[in-house]
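Colleague:
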DNA sequence: TCTGGGGTCCTAGGACCC
DNA sequence: TCTGGGGTCCTAGGACCC
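Numbering (the numbering used here), first residue to last: 1 to 416.
Below, the structure is given as structure tokens:
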């Protein structure tokens, strides 16, 4: 059966949402119309561009760039601090509108969704009119613009929504591939990043068309399974379902943070690890899972990145257990160099319905479990800052870390 | 380009088993 | 024990996405 898939993408999401909010609250200036960016706090070493306006883009400013460097390109650049609670609200409001059109929605990220309209032609009529309707409703009711890409699979719909911005609708049906997609540079294809672009360029592949017409066996030989996948993408071949994401299927949960200052001693590092384990633990328990693998990652002040993981004998969702493992990993991994960034990840998740315990240690599972539950409930009810471990008092370190922003936003469920 | 944070999947080597 | 092959588990690291 022929499918009909839409991909909806908010234009410069964080910046558009800031602009819409400010206008709704009586500000005269539309920050989308001047060189502006949403950027992190430089004093805490989070100073990068998270989103840019179109005028800022004209100065050559790119997402992920250091604010310092962005200011070098544009003297009068307006830098807005991020407000993640607002972005979550905007994202939900858009989702609510989309739900009125079809229940078959896949939320791909905070600002992107796939919609499946297959077999609903009688309900909605012409796909261009439908897209126009959705786009205008979002603009009128929420105050920001989106791009909509239309095709009969997710890959082509996504490429289409990226064509020309902002506030546009594009189709990219199979018969339009040669004209609309093949002339694009190969790095504009989904799943072709910097490393792959370099390899492809070395093989004389520069456009998506070059890739589509290349020998697939040779690509497989050079790039393994990834080579075959991007070759299929270049030919518009993709057939995955628009599926409701649900957090039972989640593969892992992690939190990491760039600390405000370099960490030089193990005790401080342990404390930062604890603040990360708290956040990971809360999210893990909220998802109804336990984990079997715990890993940590370190980025030194030299910016080099390394990590280590451990499989634990008994699956756990205990903040304390995760922290103990994280610390022992840290002692094996750390070489004594100054630390800029720490991360904690849990993977190999399993359902927490049953509770396994080992008789080989003296750990009081029941007591620990009750403590975790009590802390989670208090934080949910009174906010994430309402309880903290005493070791964070006067430490200069946040008691919970990782996640987006340190403002006291309501704890998010692990699924967007 | 000089670097935030949260994810997914893949590959390859070593250990250990039969 | 001087030497096969195959399977699985574990771990490190790379590449990509937003």
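Beta carbons: idealized from backbone N, C-alpha and C, even for Gly.
Could you check whether residue 322 and residue 310 sit closer than 8 Å to each other, using their CB atoms as the reference points?
Modeller: No.
Colleague: Hey, is the stretch 88-98 in contact with the stretch 107-127, meaning 3+ C-beta pairs nearer than 8 Å?
Modeller: At 8 Å Cβ cutoff, the stretches touch.
Colleague: Here's the rule: buried if 16 or more other CB atoms are within 10 angstroms of the residue's CB, otherwise exposed. What is residue 7?
Modeller: Buried.
Colleague: Return helix, strand or coil for residue 239, following the three-state DSSP convention.
Modeller: Residue 239: coil per DSSP, three-state reduction.
Colleague: Taking the alpha helix (DSSP H) that residue 96 belongs to, which residues open and close that run?
Modeller: Per DSSP, residue 96 belongs to the alpha helix (DSSP H) from 84-99.
Colleague: Distance check for residue 113 and residue 3, CA to CA, integer angstroms please.
Modeller: One C-alpha to the other measures close to 16 Å.
Colleague: When burial is assigned at 16 or more other CB atoms within 10 Å of the CB, is residue 225 buried or exposed?
Modeller: Per the 10 Å Cβ criterion, exposed.
Colleague: On the CB-based measure, 16 or more other CB atoms within 10 Å of its CB, does residue 40 come out buried or exposed?
Modeller: That one is buried.
Colleague: Per DSSP, residue 428 is paired with what?
Modeller: With the chain represented from 1 up to 416, any question about residue 428 goes unanswered, as that position is not in the structure.
Colleague: In chain order, what residues of the same chain have a beta carbon less than 6 Å from the beta carbon of residue 136, not counting five sequence neighbours either side?
Modeller: The answer is none, since no qualifying residue turns up.
Colleague: With a threshold of 7 Å on Cβ separation, who are the neighbours of residue 220 within its own chain once the five nearest residues in sequence on each side are excluded?
Modeller: Same-chain partners within the cutoff: 227 and 228.
Colleague: For the stretch 266-274 and the stretch 337-344, state whether three or more C-beta atom pairs, one from each stretch, are separated by less than 8 Å.
Modeller: Touching, yes.
Colleague: From the DSSP output, read off the bridge partner residues of residue 196.
Modeller: Per DSSP, none; premise fails for residue 196.
Colleague: Here's the rule I'm using: 16 or more other beta-carbon atoms within 10 Å means buried, otherwise exposed. How should residue 158 be labelled?
Modeller: Its Cβ being crowded by 16 or more others within 10 Å, residue 158 is buried.
Colleague: Quick test of your reading: residue 53 and residue 15, contact by CB under 8 Å. State the CB separation rounded to the nearest angstrom.
Modeller: At roughly 5 Å, the Cβ-Cβ gap stays under 8 Å, so residue 53 and residue 15 are in contact.
Colleague: Under a three-way DSSP split, which group does residue 59 fall into?
Modeller: Residue state, collapsed to three classes: coil.
Colleague: Can you tell which of 236, 248, 299 and 234 has the C-alpha that lies nearest to the C-alpha of residue 263?
Modeller: Of the candidates 236, 248, 299 and 234, the one whose C-alpha sits nearest the C-alpha of residue 263 is 299.
Colleague: Here's a check: name, in chain order, each residue in its chain whose Cβ is nearer than 6 Å to the Cβ of residue 163, leaving out the five neighbours to either side.
Modeller: The answer, listed in chain order, is 170.
Colleague: Please go through the stretch 29-75 and give each complete beta strand (DSSP E) segment of 3 or more residues, from N-terminal end onward.
Modeller: Complete beta strand (DSSP E) runs here, min 3: 36-39 and 49-52.
Colleague: Please look up how many angstroms separate the CB atoms of residue 98 and residue 21, rounded, as I've assumed it's under 8 Å.
Modeller: Actually they are not in contact, since the Cβ atoms of residue 98 and residue 21 sit about 20 Å apart, beyond 8 Å.
Colleague: Taking 8 Å as the threshold (C-beta atoms), are residue 344 and residue 273 in contact?
Modeller: In this structure, residue 344 lies closer than 8 Å to residue 273 by Cβ.
Colleague: Terminal residues of the continuous alpha helix (DSSP H) containing residue 25?
Modeller: No alpha helix (DSSP H) holds residue 25; DSSP gives it neither H nor E.
Colleague: Sorted by chain position, which residues of the same chain lie with C-beta nearer than 6 Å to residue 12's C-beta, five sequence neighbours on each side aside?
Modeller: Excluding residues within five positions, the ones whose Cβ falls inside 6 Å are 51.
Colleague: Go ahead and label residue 452 buried or exposed: buried means 16 or more other beta carbons lie within 10 angstroms of its beta carbon, across all protein chains shown.
Modeller: Here the chain has residues from 1 to 416 only, and residue 452 is not among them.
Colleague: Please classify residue 278 as buried or exposed, where buried requires at least 16 neighbouring CB atoms within 10 angstroms.
Modeller: Buried: at least 16 other Cβ atoms inside 10 Å.
Colleague: Considering just the uninterrupted stretch of the alpha helix (DSSP H) at residue 210, what are its terminal residues?
Modeller: Where residue 210 is concerned, the enclosing alpha helix (DSSP H) stretches over 208-212.
Colleague: Measure the alpha-carbon distance for residue 116 versus residue 104 and round it to whole angstroms.
Modeller: Whole-angstrom Cα-Cα distance: 5 Å.
Colleague: Looking only at DSSP bridge pairs, what is residue 341 linked to?
Modeller: Residue 341 is bridged to 258 and 299.
Colleague: Please classify residue 328: does DSSP put it in a helix, a strand, or coil?
Modeller: Helix, per DSSP.
Colleague: Within its chain, find whatever has a CB closer than 8 Å to the CB of residue 188; leave out the 5 residues flanking it on each side and keep chain order.
Modeller: Excluding positions up to five away in sequence, the list reads 159, 162 and 208.
Colleague: Just the Cα atoms here: how many angstroms apart are residue 152 and residue 121?
Modeller: Spanning the two alpha carbons is a distance of roughly 13 Å.
Colleague: Along the chain, where does the beta strand (DSSP E) that runs through residue 115 open and close?
Modeller: Looking at the DSSP string, the run of the beta strand (DSSP E) that includes residue 115 is 112-116.
Colleague: Between the alpha carbons of residue 23 and residue 32, how many angstroms are there, rounded?
Modeller: Spanning the two alpha carbons is a distance of roughly 11 Å.
Colleague: For the alpha helix (DSSP H) that residue 372 lies in, which residues bound it at each end?
Modeller: Looking at the DSSP string, the run of the alpha helix (DSSP H) that includes residue 372 is 365-382.
Colleague: If we call anything under 8 Å between Cβ atoms a contact, is residue 36 one with residue 67?
Modeller: No; because the gap between Cβ atoms is not below 8 Å, this pair is not in contact.
Colleague: Apply the 10 Å Cβ neighbour rule to residue 217 and answer buried if 16 or more other Cβ atoms are within range, or exposed otherwise.
Modeller: Residue 217 is exposed by the Cβ-count criterion.
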